[in-house]
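Engineer: Have a look at this one.
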Amino acid sequence: SIDCKGHTISQVLVGTAVRGCDTGFDEPPYVTRDPSDDRKDMKEDCNIFYQGGILLRDGATAINCKVEHFYDGIIVLDGEVKKSEVSGNRRGVFIDHRIS
915 SIDCKGHTIS QVLVGTAVRG CDTGFDEPPY VTRDPSDDRK DMKEDCNIFY
965 QGGILLRDGA TAINCKVEHF YDGIIVLDGE VKKSEVSGNR RGVFIDHRIS
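Here's what the structure looks like:
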């Protein structure tokens, strides 16, 4: 688990805001396919380097976090988000329901 204690996790943007990018990037490559041109296109179109700010798996929890300027602010494979804020991301919290 991660307790950010109210601190912000962010990345520096060059150009337009992430939430305004339109990539058609709907399938997360970390689940169904190898990193490929889809991820490369998403990063270039959105002017970002990292896709997600926080990745939660194996029951992990993100508490008191502010996450901004990512394609997916918080990616939840198996975990929980508590008392956190996500803004300026293309998707605030992405919950992958296909993972068991």
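Taking this note's numbering, the leading residue of the sequence shown gets 915, the next gets one more, and so forth. We put the CB at the ideal spot given by N, CA and C, even for glycine.
1) How many whole angstroms separate the CB atoms of Ala976 and Ile968, which I take to be in contact at a CB cut-off of 8 angstroms?
2) Whose CA, out of Asp1010, Asp972, Ser915, Val981, lies closest to the CA of Tyr964?
3) If we call anything under 8 angstroms between Cβ atoms a contact, is Tyr985 one with Ile1009?
4) Quick one: is His983 buried, meaning 16 or more other Cβ sit within 10 Å of its Cβ, or exposed?
5) Could you spell out the range, first to last residue, of the beta strand (DSSP E) harbouring Arg971?
6) Val926: buried (16+ other C-beta within 10 angstroms of its C-beta) or exposed?
7) Starting from Lys996, trace the beta strand (DSSP E) both ways and give me its first and last residue.
8) Would you report the Cα separation of Gly1006 and Gly920, rounded to the nearest angstrom?
9) What number of angstroms, rounded off, separates the C-alpha of Arg953 from the C-alpha of Cys918?
Structural biologist: Inspection of the coordinates gives the following:
1) Locating residue 976 in the sequence shown gives position 62, where the first residue counts as 1. Locating residue 968 in the sequence shown gives position 54, where the first residue counts as 1. That belief holds up - the Cβ atoms of Ala976 and Ile968 are roughly 5 angstroms apart, short of 8 angstroms.
2) Stepping through the sequence shown from its first residue, residue 964 is reached at position 50. When only C-alpha atoms are compared, the closest one is Val981.
3) By one-based count along the sequence shown, residue 985 stands at place 71. By one-based count along the sequence shown, residue 1009 stands at place 95. Going by C-beta atoms, Tyr985 is not nearer than 8 angstroms to Ile1009.
4) For this step, residue 983 is matched to residue 69 along the sequence shown. So His983 counts as buried.
5) Counting from 1 along the sequence shown, the entry for residue 971 is found at position 57. Careful: Arg971 lies outside any beta strand (DSSP E) and carries neither H nor E.
6) Mapped onto the sequence shown, residue 926 falls at position 12. The residue is exposed, with fewer than 16 neighbouring Cβ atoms inside 10 Å.
7) Numbered from 1 along the sequence shown, position 82 holds the residue referred to as residue 996. Lys996 -> beta strand (DSSP E) spans 993-996.
8) Along the sequence shown, one-based indexing puts residue 1006 at 92. Along the sequence shown, one-based indexing puts residue 920 at 6. C-alpha separation (whole angstroms): 17 angstroms.
9) Here the question's residue 953 lines up with position 39 in the sequence shown. Here the question's residue 918 lines up with position 4 in the sequence shown. Rounded to whole angstroms, Arg953 to Cys918 spans 27 angstroms at the Cα level.
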